[in-house]
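Colleague:
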Amino acid sequence: MKENPSVNRGLASKMYVSDGQFINKGKIGTWKTSFSPEMIQRFEDWEKEKFETVAMEEEIPVIDYDKAAKYWNDVDPTIDGILYLRKQKKFSGPSNGRALDCGAGIGRISRNLLSKHFTNVDIVEQCPKFIEKAKKYCGSEEKIENFTCTGLQEYTPKDNLYDVIWCQWVLSHLTDDDLVQFFVRCKKGLRPNGLLVVKENLTSSGCADVDKEDGSATRPEEIFQRIFKEAGYSVVKEMYQRNFPKDLYTVKMFALKPK
Numbered sequence: 002m003k004e005n006p007s008v009n010r011g012l013a014s015k016m017y018v019s020d021g022q023f024i025n026k027g028k029i030g031t032w033k034t035s036f037s038p039e040m041i042q043r044f045e046d047w048e049k050e051k052f053e054t055v056a057m058e059e060e061i062p063v064i065d066y067d068k069a070a071k072y073w074n075d076v077d078p079t080i081d082g083i084l085y086l087r088k089q090k091k092f093s094g095p096s097n098g099r100a101l102d103c104g105a106g107i108g109r110i111s112r113n114l115l116s117k118h119f120t121n122v123d124i125v126e127q128c129p130k131f132i133e134k135a136k137k138y139c140g141s142e143e144k145i146e147n148f149t150c151t152g153l154q155e156y157t158p159k160d161n162l163y164d165v166i167w168c169q170w171v172l173s174h175l176t177d178d179d180l181v182q183f184f185v186r187c188k189k190g191l192r193p194n195g196l197l198v199v200k201e202n203l204t205s206s207g208c209a210d211v212d213k214e215d216g217s218a219t220r221p222e223e224i225f226q227r228i229f230k231e232a233g234y235s236v237v238k239e240m241y242q243r244n245f246p247k248d249l250y251t252v253k254m255f256a257l258k259p260k
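End of the sequence shown sits at 260 in my numbering; the numbers just go up one at a time, nothing left out.
1. Grab the span of the alpha helix (DSSP H) containing Arg112 for me, first residue to last.
2. For Ile166 versus Phe148, is the C-beta spacing smaller than 8 Å?
3. Apart from the five residues on each side of it in sequence, which residues of its chain come closer than 6 Å, Cβ to Cβ, to Arg1?
4. With 16 as the cutoff for other CB atoms within 10 Å, does Lys134 come out buried or exposed?
5. Closest to Glu153 by CA distance: which of Phe184, Thr219, Lys144 is it?
6. Throw me the rounded Cβ distance for the Tyr163 and Leu191 pair, which I believe falls under 8 Å.
7. Tell me whether Lys144 sits in a helix, a strand or coil according to DSSP, three-state version.
8. By DSSP, does Ala256 sit in helix, in strand, or in coil?
9. Within the continuous alpha helix (DSSP H) that includes Leu196, where are the two ends?
10. Checking 8 Å against the spacing of the C-beta atoms, do Pro158 and Cys128 come in under that value?
11. Write down the C-beta distance between Val237 and Ala256 rounded to the nearest angstrom, noting that I regard them as a contact closer than 8 Å.
12. Between Ser235 and Ser217, what straight-line distance do the alpha-carbon atoms span, to the nearest angstrom?
13. Below 8 Å on the Cβ atoms is my contact criterion, and I expect Lys200 with Val125 to pass it. Report the Cβ-Cβ distance as a whole number of Å.
14. State the DSSP-derived secondary structure class of Pro221, mapped to helix, strand or coil.
15. Assign Asn244 to one of two classes, buried (16 or more other C-beta atoms within 10 Å of its C-beta) or exposed (fewer than that).
16. Quick check on Ile166: does DSSP put it in helix, strand or coil?
17. Note the first and the last residue of the continuous alpha helix (DSSP H) segment covering Glu126.
18. Could you give the C-beta distance for Val171 and Gly233, rounded to a whole number, given that I count them as a contact under 8 Å?
19. Would DSSP call Gly94 helix, strand or coil?
20. Just to confirm, are Thr204 and Arg220 a CB contact at a threshold of 8 Å?
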């Protein structure tokens, strides 16, 4: 199998240090994020060819849910253990009623973004350790109500409950088939005029980069567009993450509406 040159544009090409700087191939730069020493070591290990490429036309068969669950359970459940979320000053949704944060980690997006724009926020996260940390991290935020511990491949939102279902940097842990089915289930969970928001890394090669370390697969936009169509969604708005380091994967946000 041919080596995918776009892998070098991924997270493995930069390692973040706790003082707000990053190491890029031996050079020090600045970026408002941080990782724990354990995560830095993981990125260094990722440099040693722990990725493989899967053809765009194929379903991604190597995603291992048990491996992913074990990997994230081993990650330190602190802000230093999760990629920093740049503050988003504006968000326009169909309503400001209730939002669902999918794969919420320790609840950073819920507390710092969703709770600022919605009356109520629910969290779903498969790692028990992260759920417990999220309860403490979001404890002072009364708008964050329900915490559900399960993987998205098994999760079904309650019918007609959410104005926005938010999925950020989590869908790489689902196979194509499970992702389509999850999106289909989300349609029943959306209120009239509700939106499904997807924010994910994208490869530029037309192929998926599979990470053997945590069992995830970073997809190209072509695969996401196919999945959106199969699940019965239309893209009503899309935008790229701005001011992101060039050596990282492209990050893009999609606002989806059921057809």
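Cβ atoms here follow ideal geometry from the backbone N, Cα and C, with glycine treated the same way. Just so it is clear, the structure is predicted and the values come from calculations on it, not from any experiment.
Modeller: Let me lay it out:
1. Locating residue 112 in the sequence shown gives position 111, counting from the first residue. Under the DSSP assignment, Arg112 falls outside any alpha helix (DSSP H); it carries neither an H nor an E label.
2. As a first step, residue 166 is located in the sequence shown; it is residue number 165 there, counting from the start. As a first step, residue 148 is located in the sequence shown; it is residue number 147 there, counting from the start. Result no, Cβ atoms of Ile166 and Phe148 do not sit closer than 8 Å.
3. This structure gives no information on residue 1, because the portion of the chain shown stretches from 2 to 260.
4. As a position in the sequence shown, residue 134 is number 133, starting the count at 1. If you draw a 10 Å sphere on the C-beta of Lys134, you find 16 or more other C-beta atoms in it, and that means buried.
5. Locating residue 153 in the sequence shown gives position 152, counting from the first residue. The amino acid occupying residue 153 in the given sequence is Leu; Glu does not appear at that position. It is Phe184.
6. Sequence index remark: in the sequence shown, residue 163 carries index 162 (1-based). Sequence index remark: in the sequence shown, residue 191 carries index 190 (1-based). The pair is a contact, with the Cβ atoms about 6 Å apart (cut-off 8 Å).
7. Mapped onto the sequence shown, residue 144 falls at position 143. Lys144 falls in the coil class under three-state DSSP.
8. Locating residue 256 in the sequence shown gives position 255, where the first residue counts as 1. Three-state DSSP puts Ala256 in a strand.
9. Along the sequence shown, read from residue 1 onward, the residue named residue 196 stands at position 195. For Leu196, no alpha helix (DSSP H) run applies; the uninterrupted beta strand (DSSP E) run containing it begins and ends at 191-203, by DSSP.
10. Position 157 of the sequence shown holds residue 158. Position 127 of the sequence shown holds residue 128. Not in contact: Pro158 and Cys128 (Cβ atoms no closer than 8 Å).
11. On the sequence shown, residue 237 is found 236 positions in, with the first residue counted as 1. On the sequence shown, residue 256 is found 255 positions in, with the first residue counted as 1. Correct: roughly 5 Å between the Cβ atoms.
12. On the sequence shown, residue 235 is found 234 positions in, with the first residue counted as 1. On the sequence shown, residue 217 is found 216 positions in, with the first residue counted as 1. Distance between the alpha carbons of Ser235 and Ser217 is about 25 Å.
13. Position 199 of the sequence shown, counting from 1, holds the residue named residue 200. Position 124 of the sequence shown, counting from 1, holds the residue named residue 125. Actually they are not in contact, since the Cβ atoms of Lys200 and Val125 sit about 16 Å apart, beyond 8 Å.
14. Numbered from its first residue, the sequence shown carries residue 221 at position 220. Secondary structure at Pro221: strand, using DSSP grouped into helix, strand and coil.
15. Mapped onto the sequence shown, residue 244 falls at position 243. The residue in question, Asn244, is exposed, as its Cβ has fewer than 16 Cβ neighbours within 10 Å.
16. Taking the first residue of the sequence shown as position 1, residue 166 is located at position 165. DSSP places Ile166 in the strand class (E or B) of the three-state scheme.
17. Mapped onto the sequence shown, residue 126 falls at position 125. Here Glu126 belongs to no alpha helix (DSSP H); instead the beta strand (DSSP E) covers 121-126.
18. Working through the sequence shown from its first residue, we reach residue 171 at position 170. Working through the sequence shown from its first residue, we reach residue 233 at position 232. Not really, about 20 Å apart at Cβ, beyond 8 Å.
19. Here residue 94 refers to the residue found at position 93 when the sequence shown is read from its first residue. Only weak support is given to the placement of Gly94: the predicted model assigns it a pLDDT of 45, under 50, and the value that follows is read from those uncertain coordinates. Secondary structure at Gly94: coil, using DSSP grouped into helix, strand and coil.
20. Taking the sequence shown and counting its residues from 1, the one referred to as residue 204 is at position 203. Taking the sequence shown and counting its residues from 1, the one referred to as residue 220 is at position 219. With respect to the 8 Å criterion, Thr204 and Arg220 are classified as neighbours on the basis of their beta carbons.
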